[in-house]
Structures are given as structure tokens and as C-alpha cells.
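Let me begin by presenting the structure, written as C-alpha cells, before commenting on it.
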Amino acid sequence: MKRPRARSGEHHTMTSIGFIGLGIMGAPMAANLADAGYDVIGYNRSPDKIDALVKHGGRAATSVAEATKGADIVITMLPDSPDVTEVVTGADGVLANAHPGQLLIDMSTIRPEVSRAVAAAGAEAGLRVLDAPVSGGEAGAIEGTLSIMVGGKPADFETAGPVLEVLGSTIVHVGPSGAGQTVKAANQLIVAGNLQLLAEAIVFLEASGVDLDASVRVLGGGLAGSTVLDRKAANMVNRDFTPGFRLALHHKDMGLVTAAAREAGVVIPLGATVAQLIGALVARGDGHLDHAGLYKLTSELSHRLPDADLR
Ligand code: NAD
63 MKRPRARSGE
73 HHTMTSIGFI
83 GLGIMGAPMA
93 ANLADAGYDV
103 IGYNRSPDKI
113 DALVKHGGRA
123 ATSVAEATKG
133 ADIVITMLPD
143 SPDVTEVVTG
153 ADGVLANAHP
163 GQLLIDMSTI
173 RPEVSRAVAA
183 AGAEAGLRVL
193 DAPVSGGEAG
203 AIEGTLSIMV
213 GGKPADFETA
223 GPVLEVLGST
233 IVHVGPSGAG
243 QTVKAANQLI
253 VAGNLQLLAE
263 AIVFLEASGV
273 DLDASVRVLG
283 GGLAGSTVLD
293 RKAANMVNRD
303 FTPGFRLALH
313 HKDMGLVTAA
323 AREAGVVIPL
333 GATVAQLIGA
343 LVARGDGHLD
353 HAGLYKLTSE
363 LSHRLPDADL
373 R
């Protein structure tokens, strides 16, 4: 497990970071940057979420403008494409308050074409823009071990390096603007498929009456092992669907990868099936649950568990 860097580096204290979107992911990421010695000024639409950052020595902003003005780098970690478009290009948004040369790193998971549009609008205002979506979940955000897939200009990637190294342990430049989002869409396809098969395996093992903990342990050591199994099997076994990563966000991401695959002229038959199952969970009001909640629907399809047993 990587620990955030100790507060020490003088160059860090010289660099100020406006951090917009302090939710499940953004709050620990911003806190890690503050712990590493950066001057972090955070903004979130619901202001109570800024408290954690302030406890880590960060500052609270009351608007996007306040988080943007004077910052060397602005990071956004928002739910969806319209949120990023509004925060960056909207009236009194990032671009309206930015200064030339400022670096904008959007770490949200959004549509690749929206990332390209944001980068183009940023370039017109003299900003440097990267799309840098992440994988690794809430645990990866807290530990500073995220996998970060970056689209944009190589020189801007270089500039962002020290900041991204605080947040992640696998940081890869994958191509021009939007490429980070394309790779992230593939990531979400793989994670969704893994989760669904894990849910099916656990329902099957439960129905067969074998020791679940022992089963999960040995499966984790073979070819069936995965980060999804390591991090999510216990949630399914214990019916703990506290988010984590909300099904509503994975529903958004299945929409992203479905559209991107169509655009690329390829089909994703298994992905399409999982997308429908996630869609069913969201439609019936389970969008607030962690995506390990795929287990819930899967077990119900086999009439294994009454709804009352499930959180
Ligand atoms: P979240 O809903 O917990 O956090 C988003 C935050 O943005 C919220 O606190 C919300 O109040 C704030 N916000 C929304 N609109 C705003 C606005 N206009 N101005 C200021 N703040 C605003 O979501 P999250 O789980 O932190 O995910 C953020 C992004 O990261 C999403 O795109 C998601 O797909 C992606 N992601 C999440 C995970 C995960 O495990 N949670 C993992 C990888 C990537």
C-alpha cells in the first residue's frame, strides 16, 4: 500500500491546486494532496463535504471561481459529462476565471468527445487540459494507489506528473485528448463483466452449500483471481452494498462504453448484457448501492434471497 507523501517538499507548498468535486473519490484525493504539502483549495456543491479537506490543512472555497482564481492547477472530480461541461465552460466556471498557462486536469469519468470539447475550449482560453480518469475505487483514492489513464499533450502530462504521483501508483499517458476516457470506458467494461461473473459464482457457491470464505480464498489464488474478487467478494458475501462506486455511476459508464464501442464499429455482447442488469437495478431504485449490488439482482433471478435479507 502506498502512503501519501509526507508534508515536506518546498516546491509543493509553492503549487496551489483548486480541487472541484469532493465526493467519495475527490475528498480523499484532495486530502492526500494537502498531506503531500500542496496548497489545496477545495469546492463542492454541498459544502459539508469540504470539512475533511480542511481537517487535512486544505482551504475551503465557496465557488468554482474561488477555487480557480490564482491556482496553478485545477482538478475536477465530478459525476458526469454535463457536470464537467457546466463547471468548466459555464458562466463563472473554470474557464471564465482561469489564467493563461493554467493546467486543468479533469479526473471524472465522462464521454471522450466531451473531454475533447473541454480541451478545445480550454486551449482557446490559453489553458492546458488533460483528461485523467482513474480506476481503483474509493480504497485506491484513500491509499493513493489509483491507476490513472491520461489523455492530452505529452508536455502537459510531464507537468502533471508530480501531482498525479501523489494520487496514483500506475500513471500512464495513453494518447491525445479523450484517449484517457476511451481507456477508462474499457476499464468499466472489464470491471462490470468481472463483477457480474463474481456475483453469479457466489450465488452458485451459496446454493451448492460449500464454505464461501474458503472458496473465495482459493479462487483468489488462481486464474479466476482479480482485484474485483479481492475487493468486492466480501461485500457480496456479507450483503454490504455501502458505496463505494454507485450503480448509478456504473450505469452512466456502461452508456459511455456502449456509445464508444458503437462509434468504433465493434460490438460488446457480454458488456451489453451486464449493462441491462445494471440498468434494471438503477430503474428499480438501487442506483445508490455499490456496484457489488449486482449480486442482489443475480441472487433474486435465482429466487435465492428475499429482498428483506438484503441491505
Ligand atoms: P460522488 O457523487 O461521490 O462525488 C461527486 C461530487 O461532485 C459530489 O460531492 C457532488 O456534490 C459534487 N458536485 C456535483 N456537481 C457539482 C458542481 N457543479 N460543482 C461542485 N461540485 C459538484 O462521485 P464519486 O464516486 O466521487 O465519482 C466521481 C467521478 O469519478 C465519477 O465520474 C465516477 O464515475 C468516477 N470514479 C468513481 C470511482 C468510485 O469508486 N467511486 C472510481 C473511479 C472513478
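For the sequence shown, the numbering used here assigns the number 63 to the initial residue and increments by one for each residue that follows. Idealized CB from N, CA, C, for every residue including glycine.
Residue i and residue j closer than 7 angstroms at C-beta
{"i": "Leu157", "j": "Ala187", "result": "yes"}
{"i": "His313", "j": "Val344", "result": "yes"}
{"i": "Thr138", "j": "Ala183", "result": "no"}
{"i": "Leu229", "j": "Leu208", "result": "yes"}
{"i": "Ala96", "j": "Gly132", "result": "no"}
{"i": "Leu309", "j": "Asp348", "result": "yes"}
{"i": "Ala92", "j": "Leu115", "result": "yes"}
{"i": "Phe219", "j": "Val212", "result": "yes"}
{"i": "Ala127", "j": "Ile167", "result": "no"}
Rounded straight-line distance, which links the Cα of residue j to that of residue i
{"i": "Phe81", "j": "Leu339", "result": "34 angstroms"}
{"i": "Leu274", "j": "Glu362", "result": "18 angstroms"}
{"i": "Lys294", "j": "Tyr100", "result": "32 angstroms"}
{"i": "Ser177", "j": "Thr304", "result": "30 angstroms"}
{"i": "Leu83", "j": "Leu359", "result": "Sequence inspection shows Gly at residue 83; the Leu mentioned does not correspond to that position. If I take the Cα positions, the gap works out to 30 angstroms."}
{"i": "Val149", "j": "Ala201", "result": "26 angstroms"}
{"i": "Ala323", "j": "Met76", "result": "42 angstroms"}
{"i": "Asp154", "j": "Gly237", "result": "30 angstroms"}
{"i": "Ser143", "j": "Ala321", "result": "14 angstroms"}
{"i": "Gly163", "j": "Val319", "result": "32 angstroms"}
{"i": "Ile86", "j": "Val253", "result": "18 angstroms"}
{"i": "Ala68", "j": "Asp302", "result": "The predicted model places Ala68 with a pLDDT of 44, which falls under 50 and marks its position as unreliable; any figure quoted below should be read in that light. Straight-line Cα distance between these residues: approximately 33 angstroms."}
{"i": "Gly282", "j": "Ser288", "result": "7 angstroms"}
{"i": "Gly88", "j": "Asp110", "result": "13 angstroms"}
{"i": "Val280", "j": "Gly104", "result": "43 angstroms"}
{"i": "Thr244", "j": "Gly333", "result": "15 angstroms"}
{"i": "Gly71", "j": "Val196", "result": "In this prediction, Gly71 scores a pLDDT of 44, lower than 50, which makes its location untrustworthy; the coordinate-derived value is nonetheless stated afterwards. Going by the C-alpha atoms only, they are around 25 angstroms apart."}
{"i": "Gly271", "j": "Val336", "result": "26 angstroms"}
{"i": "Ala241", "j": "Glu175", "result": "10 angstroms"}
Residue i classed as buried or exposed, judged by whether at least 16 other C-beta atoms fall within 10 angstroms
{"i": "Arg190", "result": "buried"}
{"i": "His161", "result": "exposed"}
{"i": "Asp292", "result": "exposed"}
{"i": "Val180", "result": "buried"}
{"i": "Val329", "result": "exposed"}
{"i": "Arg173", "result": "buried"}
{"i": "His235", "result": "buried"}
{"i": "His73", "result": "Any reading at His73 must be qualified, since the residue scores a pLDDT of 48, below 50, and its modelled position is unreliable; no value is offered."}
{"i": "Ala203", "result": "buried"}
Beta-carbon separation (whole angstroms), residue i vs residue j, contact threshold 8 angstroms
{"i": "Gly198", "j": "Asn94", "result": "Not quite, the Cβ-Cβ distance comes to about 12 angstroms (not below 8 angstroms), so this is no contact."}
{"i": "Leu267", "j": "Ser277", "result": "5 angstroms"}
{"i": "Thr147", "j": "Lys246", "result": "About 17 angstroms; that fails the 8 angstroms criterion."}
{"i": "Thr130", "j": "Asn159", "result": "4 angstroms"}
{"i": "Asn297", "j": "Ala354", "result": "4 angstroms"}
{"i": "Ala269", "j": "Arg366", "result": "6 angstroms"}
{"i": "Asp134", "j": "Ile79", "result": "7 angstroms"}
Minimum Cβ-Cβ distance from residue i to chain D less than 7 angstroms
{"i": "Gly287", "result": "Absent here is chain D; the protein component of the structure consists of one chain."}
Check: residue i C-beta below 6 angstroms from any heavy atom of the ligand ZN
{"i": "Asn106", "result": "For the ligand ZN, the structure offers nothing, since it holds only the ligand NAD."}
ask   = What are the uninterrupted segments assigned as alpha helix (DSSP H) that are 4 or more residues long and contained completely in the stretch 86 to 145, given in chain order?
value = Considered as a whole, the stretch 86 to 145 harbours 88 to 97, 113 to 117 and 126 to 130 as its complete alpha helix (DSSP H) runs of no fewer than 4 residues, in chain order.
ask   = Can you list the alpha helix (DSSP H) stretches of 4 or more residues lying completely in the stretch 176 to 248, in chain order?
value = Counting only runs of 4+ residues, the alpha helix (DSSP H) found wholly inside the stretch 176 to 248 occupies 199 to 205 and 216 to 229, in chain order.
request  = Only counting runs of 3 or more residues, tell me where the beta strand (DSSP E) segments fall wholly within the stretch 249 to 293, in order along the chain.
outcome  = Correct list: empty.
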